[in-house]
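S.K.: Sharing a structure below in structure tokens format, with a few things to ask.
2 protein chains.
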Amino acid sequence: MSELHPSAISINTINPNVKLMEYAVRGPLVIRAAEIEEELKHGVRKPFDEVIRANTGDCQAMGQAPITYIRQVLSLALRPELLEVVNCPSDIKERVRTLLNGCNGGSLGSYTGSLGIEFIRRYVQQFLGERDDVPSDYRDIILTTGATQGIKSILQLLNCPVEEETNWGLNINELKRAIDEAKEVCIPRAIVIINPGNPTGQILTRANMEEIIKFAYEENLVILADEVYQNNVYEDRIKFNSFKKVLVEMGEPYKNMALASFMSCSKGYTGECGLRGGLVEIFNFPADVKTMFYKSLSAQVCPNTVSQAAIFCLVNPPREGEPSYELFMEEKTKVLKSLKERAQLVHEVFNSFEGFSCTTIQGAMYAFPQFKLPPKVIELANERGMPPDQFYAFELLENTGVCIVPGSGFGQKPGTYHFRTTILPKIDKLKVMLEKIKSFHTDFIAKYR
Amino acid sequence: MSELHPSAISINTINPNVKLMEYAVRGPLVIRAAEIEEELKHGVRKPFDEVIRANTGDCQAMGQAPITYIRQVLSLALRPELLEVVNCPSDIKERVRTLLNGCNGGSLGSYTGSLGIEFIRRYVQQFLGERDDVPSDYRDIILTTGATQGIKSILQLLNCPVEEETNWGLNINELKRAIDEAKEVCIPRAIVIINPGNPTGQILTRANMEEIIKFAYEENLVILADEVYQNNVYEDRIKFNSFKKVLVEMGEPYKNMALASFMSCSKGYTGECGLRGGLVEIFNFPADVKTMFYKSLSAQVCPNTVSQAAIFCLVNPPREGEPSYELFMEEKTKVLKSLKERAQLVHEVFNSFEGFSCTTIQGAMYAFPQFKLPPKVIELANERGMPPDQFYAFELLENTGVCIVPGSGFGQKPGTYHFRTTILPKIDKLKVMLEKIKSFHTDFIAKYR
């Protein structure tokens, strides 16, 4: 008789942390969204004819065109034998030669150092130095397979239980409350700040950044600055400041604080999520800790060469006077201008809904509106053992095909309800999506009032 | 006065496991090799003029040419606007269209599902089914950023302390000794077997595989089959058998055992190490464990699309009659034939050295010769606090520029000494390298006899 081997692997013997973990952005709602797409394909009738995936910041899936410069470099770097034959701008060919010259055996098919290709790290040094007007050191810069892998590596190094930190708001009283709560279960080692903010879309003021830095100093926390949206800034009067820049400019004793900053080619005007290009700059990490960190990275072998090449393009764009400059600027400006328009539209429309309030979307690529829910919904959700905004999100998905992430997946003040939606659908589809949410919301509230 | 912030991050607060970990293939020898390369660049005089990196199986860094088919598909998939314009074989264009059709928004720049693109997983299903003549299910196949990430994910799921398992030999008595030793410190959950073998180059006989399977059954171990070298087989009379195939063909009760098998585009005839394409097939994992496993993968976002596209090419090569078939077969055959010649050469030459013995290199891309060391070397190494074969490896590197991995990095019988070298340098350089090792070894033994 066939039976599974009794104890080689079972739900009781696997890693208990795997059982506990939750990731709302790719959780049960997204699984259900995929099922609904399958159902639609097989002719199941729904009150809508497509799923709108507004749950992840997946730019190109939503129709954003890739930047030609990046694709030209990557494509040709994979086929260097075409360098002499194809007709393509000289600066592209120069970039490809530089890139391959830095690869072992002149090929993207070779392993690289565990920290990434050295000459690309030197370009990153220059890029960050120019951005912040503060010196960088390529020896403190590592390339990663997406910013996610960089963040995971740092968290692993710090031995962090991340659950506490990710919920933190940016009001100093709220930070104090959160750290006191954290201290009951662990020794807090780090504070993670996402700026421009995900899911909230805010860009921190310099004064607020200084407060956070002082707080981190007093509490002996390493600052982990997720700055992947640094190119997504939609207000002309606002300039992105990196935490490193602010901390250095604050002088003693803050300029000696330990910090790690994360950047990516998935967001901004590039939107190359699938290529998984990321980088980490560490700052003021003690030498012995760096040695251990770099050793731990070696066990991950090396980041994908194509993702490293994408970072190379990001930090080494066409310069004025180069043949690709004009097209590059045109494409970059077009993407950022369109995102800005959509940020404004989403903000306005959400604020016109009954019971909705949505703060200005200053940056990043999300709106995080707050909305009121009738007591009946809260009761019903409790009965089903799910947060009320998750109940809302499932109903929204089943009725309209719009997939968003409930605020409870990120953390929110008790008794408040939010969801995160990207602003990425193309303008026409975005309008349709907002109309669908409005109509659903009106019906939903009427039904449960 | 400037001083580092005292306790935000220090060697005493970081993850102790990071301090403990060792990875010989990318350890201190490799760091020293990189330093020597820098020294050579800056004109430091050495008894050699280049470092030969025989420490990793880095095919293209050693001059192996990429397979044109793969590069054509990847390159064009990154520039789909060229599909209508460029002159390239129709089967390449068809592959690119199929690939992009499976990507969100038709772009490699979009995120994919956490388990990889579904239609590629279906191609893997077909590929594995044909290879083993045993059915596969794409729902049990995940795409990963290199086989390394797949292995790490499975080890994390199983909550494995891997240190014990990796040392295991394949003699059943040795396995029993190792598991008894492991039981003193943990509950062993899995056995990792690399076949064809790294570093040893052996291909397990079917009888040996059956013994191992029976052993794993008795000990309730999940079998983790690292089968990334399955295309690197150099003896005509030997056929690669996957563990899944053997286990299924053994019938009850073995065919119900839990297994995970790993495959990659870094080895074999493709040698695309830098692209980090990997896949895992799990087999007989309980449904609830699979749910947890897939959930844990979602926190890694998704594998790089280019690495997934490389796996797509690997499992969907040009078929007979297609325009790319002839060139593909010519390139594939050339790579494998040349590796076979080098495997034979390295084996013969090592066995001609005094005090060396090297088993037949049946598969994979390494030789793992055993050699004798005089007592004086062992004494000296002990004084310096390093294993004798590491001392030997450092001396070899400093004197000849040849970088290999000492056997102590993999585990070996106490009192025996080995090193691992790849067979990847091109034939002329390989001969030079072997000559250098021979001459060094003769001098070294004479010096310490």
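Protein sequence lines correspond, in order, to chains A and B. Just so we're aligned: 277 in the UniProt record's numbering is position 277 of the first sequence, and the numbers increase by one with no gaps anywhere. Just so we're aligned: 357 in the UniProt record's numbering is position 357 of the second sequence, and the numbers increase by one with no gaps anywhere. Every residue, glycine too, gets a C-beta built ideally from N, C-alpha and C.
How would you call residue 20 (chain B), buried or exposed, if buried means at least 16 neighbouring beta carbons within 10 angstroms?
M.R.: As a working note, residue 20 (chain B) is residue 20 in the second sequence. Flag for residue 20 (chain B) reads exposed.
S.K.: Helix, strand or coil for residue 311 (chain A), going by three-state DSSP, please let me know.
M.R.: Your numbering for residue 311 (chain A) matches position 311 in the first sequence. Three-state result, residue 311 (chain A): helix.
S.K.: List the residues of chain A whose Cβ lies closer than 8 Å to the Cβ of residue 62 (chain B), in chain order.
M.R.: Taking the second sequence and counting its residues from 1, one reaches residue 62 (chain B) at position 62. Neighbours of residue 62 (chain B) on chain A, chain order: 105.
S.K.: Go ahead and pull the three-state DSSP assignment for residue 209 (chain B).
M.R.: For this step, residue 209 (chain B) is matched to residue 209 along the second sequence. Helix at residue 209 (chain B).
S.K.: How is residue 277 (chain B) classed by DSSP in three states: helix, strand or coil?
M.R.: Translated into the one-based positions of the second sequence, residue 277 (chain B) becomes position 277. In this structure, residue 277 (chain B) counts as strand in the three-state DSSP scheme.
S.K.: Report all residues from its chain with a CB closer than 7 Å to the CB of residue 304 (chain B); omit the five preceding and five following residues, and keep chain order.
M.R.: Taking the second sequence and counting its residues from 1, the one referred to as residue 304 (chain B) is at position 304. Excluding positions up to five away in sequence, the list reads 145 and 276.
S.K.: With a cut-off of 8 Å on the beta carbons, I'd call residue 239 (chain A) and residue 132 (chain A) a contact; round off their distance for me.
M.R.: Position 239 of the first sequence, counted from the start, is the residue given in the question as residue 239 (chain A). Position 132 of the first sequence, counted from the start, is the residue given in the question as residue 132 (chain A). Between residue 132 (chain A) and residue 239 (chain A) the Cβ distance is about 11 Å, and since that is not below 8 Å, they are no contact.
S.K.: Using a Cβ-Cβ cut-off of 7 Å (strictly less than) and excluding sequence neighbours within five positions of residue 349 (chain B), which residues of its own chain qualify?
M.R.: As a working mapping, residue 349 (chain B) is identified with position 349 in the second sequence. Correct list, in chain order: 434.
S.K.: Under DSSP, the beta strand (DSSP E) around residue 264 (chain B) begins and ends at which residues?
M.R.: Residue mapping note: residue 264 (chain B) aligns to position 264 of the second sequence, counting from 1. Per DSSP, residue 264 (chain B) belongs to the beta strand (DSSP E) from 259 to 264.
S.K.: Unbroken beta strand (DSSP E) runs of length 3 or more, entirely within the segment 109 to 148 of chain B: which are they?
M.R.: Listed in chain order, the complete beta strand (DSSP E) runs (minimum 3 residues) inside the segment 109 to 148 of chain B are 141 to 145.
S.K.: Could you list which residues in chain B have their beta carbon closer than 8 Å to that of residue 289 (chain A), in chain order?
M.R.: What you label residue 289 (chain A) is simply residue 289 of the first sequence in a count that begins at 1. Per Cβ cutoff of 8 Å: 9, 10, 11 and 14.
S.K.: Going by beta carbon distance, what residues of the same chain come within less than 8 Å of residue 159 (chain A), once the five residues before and after it are set aside?
M.R.: Here the question's residue 159 (chain A) lines up with position 159 in the first sequence. The answer, listed in chain order, is 189.
S.K.: For the beta strand (DSSP E) that contains residue 61 (chain A), what are its first and last residues?
M.R.: For the purposes of this step, residue 61 (chain A) is taken as the residue at position 61 of the first sequence. From DSSP, residue 61 (chain A) is part of no beta strand (DSSP E); its letter is neither H nor E.
S.K.: Please list the partners that residue 19 (chain A) has in chain B, where partner means a Cβ-to-Cβ separation under 7 Å.
M.R.: Here residue 19 (chain A) is taken as the residue at index 19 of the first sequence, counted from 1. Per Cβ cutoff of 7 Å: 292.
S.K.: Would you kindly work out how many angstroms separate the C-alpha atoms of residue 265 (chain B) and residue 448 (chain B), rounded to a whole number?
M.R.: Translated into the one-based positions of the second sequence, residue 265 (chain B) becomes position 265. Translated into the one-based positions of the second sequence, residue 448 (chain B) becomes position 448. Computed Cα separation, rounded: 43 Å.
S.K.: Please say whether residue 38 (chain A) and residue 401 (chain A) have beta carbons closer to each other than 7 Å?
M.R.: What you label residue 401 (chain A) is simply residue 401 of the first sequence in a count that begins at 1. What you label residue 38 (chain A) is simply residue 38 of the first sequence in a count that begins at 1. No, the pair does not count as a contact, with Cβ atoms beyond the cut-off.
S.K.: Under 9 Å between beta-carbons, which chain B residues line up against residue 150 (chain A)? List them in chain order, please.
M.R.: For the purposes of this step, residue 150 (chain A) is taken as residue 150 along the first sequence, with counting starting at 1. Ordered by position in chain B, no residue passes the 9 Å Cβ test against residue 150 (chain A), which lies about 12 Å from the chain.
S.K.: Counting only C-beta atoms, is residue 168 (chain B) closer than 7 Å to chain A at any point?
M.R.: Residue mapping note: residue 168 (chain B) aligns to position 168 of the second sequence, counting from 1. Below a pLDDT of 50, predicted positions are generally treated as unreliable, and residue 168 (chain B), at 38, falls in that range; the measurement from the model is reported next regardless. Residue 168 (chain B) does not count as touching chain A.
S.K.: Given a cut-off of 7 Å, decide if residue 424 (chain B) and residue 386 (chain B) are closer than it, judged by their beta-carbon atoms.
M.R.: The residue labelled residue 386 (chain B) in the question sits at position 386 within the second sequence. The residue labelled residue 424 (chain B) in the question sits at position 424 within the second sequence. No; because the gap between Cβ atoms is not below 7 Å, this pair is not in contact.
S.K.: For residue 203 (chain B) and residue 230 (chain B), what's the separation of their Cα atoms in angstroms?
M.R.: Here residue 203 (chain B) refers to the residue found at position 203 of the second sequence. Here residue 230 (chain B) refers to the residue found at position 230 of the second sequence. Approximately 9 Å, taken between the alpha carbons.
S.K.: Compare the C-beta of residue 306 (chain B) with all C-beta atoms of chain A and state if any pair is closer than 7 Å.
M.R.: For this step, residue 306 (chain B) is matched to residue 306 along the second sequence. It does; some Cβ of chain A falls within 7 Å.
S.K.: Determine the burial state of residue 42 (chain A): buried for a count of at least 16 other Cβ atoms within 10 Å of its Cβ, exposed for fewer.
M.R.: Reading the first sequence from its first residue, position 42 is the one you call residue 42 (chain A). Under this definition residue 42 (chain A) is an exposed residue.
S.K.: Within 7 Å of any Cβ in chain A, is that where the Cβ of residue 145 (chain B) sits?
M.R.: In the second sequence, residue 145 (chain B) corresponds to position 145, counting from 1. Chain A contact via Cβ: present.
S.K.: So, with DSSP's three-state summary, where would you put residue 16 (chain B)?
M.R.: As a working mapping, residue 16 (chain B) is identified with position 16 in the second sequence. Reduced to three states, the DSSP call for residue 16 (chain B) is helix.
S.K.: Roughly how many whole angstroms lie between the Cα atoms of residue 392 (chain A) and residue 128 (chain B)?
M.R.: One-based indexing of the first sequence puts residue 392 (chain A) at position 392. One-based indexing of the second sequence puts residue 128 (chain B) at position 128. For residue 392 (chain A) and residue 128 (chain B), the distance between alpha carbons rounds to 42 Å.
S.K.: Does the separation of the CB atoms of residue 105 (chain A) and residue 110 (chain B) fall below 7 Å?
M.R.: On the first sequence, residue 105 (chain A) is found 105 positions in, with the first residue counted as 1. On the second sequence, residue 110 (chain B) is found 110 positions in, with the first residue counted as 1. Not closer than 7 Å, so no.
S.K.: DSSP three-state label for residue 269 (chain A), please.
M.R.: To locate residue 269 (chain A), count along the first sequence from 1; it is residue 269. It is coil, neither helix nor strand.
S.K.: So if DSSP puts residue 366 (chain B) in a beta bridge, which residue, or which two residues, is it bridged to?
M.R.: Here the question's residue 366 (chain B) lines up with position 366 in the second sequence. The partner list for residue 366 (chain B) (beta bridge, DSSP) reads B:422.
S.K.: Does the beta-carbon of residue 267 (chain B) have 16 or more other beta-carbons within 10 angstroms, so that it is buried, or is it exposed?
M.R.: Residue mapping note: residue 267 (chain B) aligns to position 267 of the second sequence, counting from 1. Buried is the call here.
S.K.: Below 9 Å between beta carbons is the criterion; list the residues of the segment 239 to 251 of chain B that meet it against any residue of chain A, in chain order.
M.R.: The segment 239 to 251 of chain B vs chain A, Cβ under 9 Å: nothing.
S.K.: Between the beta-carbon of residue 368 (chain B) and the beta-carbon of residue 356 (chain B), is there less than 7 Å?
M.R.: Start at 1 with the first residue of the second sequence, and residue 368 (chain B) comes out as number 368. Start at 1 with the first residue of the second sequence, and residue 356 (chain B) comes out as number 356. Taking 7 Å as the Cβ cut-off, residue 368 (chain B) and residue 356 (chain B) do not qualify as a contacting pair.
S.K.: Closer than 7 Å, CB to CB, is residue 446 (chain B) near chain D or not?
M.R.: Looking at the structure shown, chain D is missing, and the protein chains on hand are A and B.
S.K.: Quick check on residue 69 (chain A) - is its C-beta less than 7 Å from some C-beta in chain B?
M.R.: The residue given as residue 69 (chain A) occupies position 69 in the first sequence. Not an interface residue.
S.K.: For a contact meaning CB atoms closer than 7 Å, what does residue 285 (chain B) contact in chain A?
M.R.: Counting from 1 along the second sequence, the entry for residue 285 (chain B) is found at position 285. Result: 9.
S.K.: Can you pull the DSSP bridge partners for residue 417 (chain A)?
M.R.: Position 417 of the first sequence, counted from the start, is the residue given in the question as residue 417 (chain A). Paired residues: A:371.
S.K.: How long is the line joining the alpha carbons of residue 329 (chain A) and residue 336 (chain A), rounded to whole angstroms?
M.R.: The residue you call residue 329 (chain A) lines up with position 329 of the first sequence. The residue you call residue 336 (chain A) lines up with position 336 of the first sequence. Roughly 11 Å separates the two Cα atoms.
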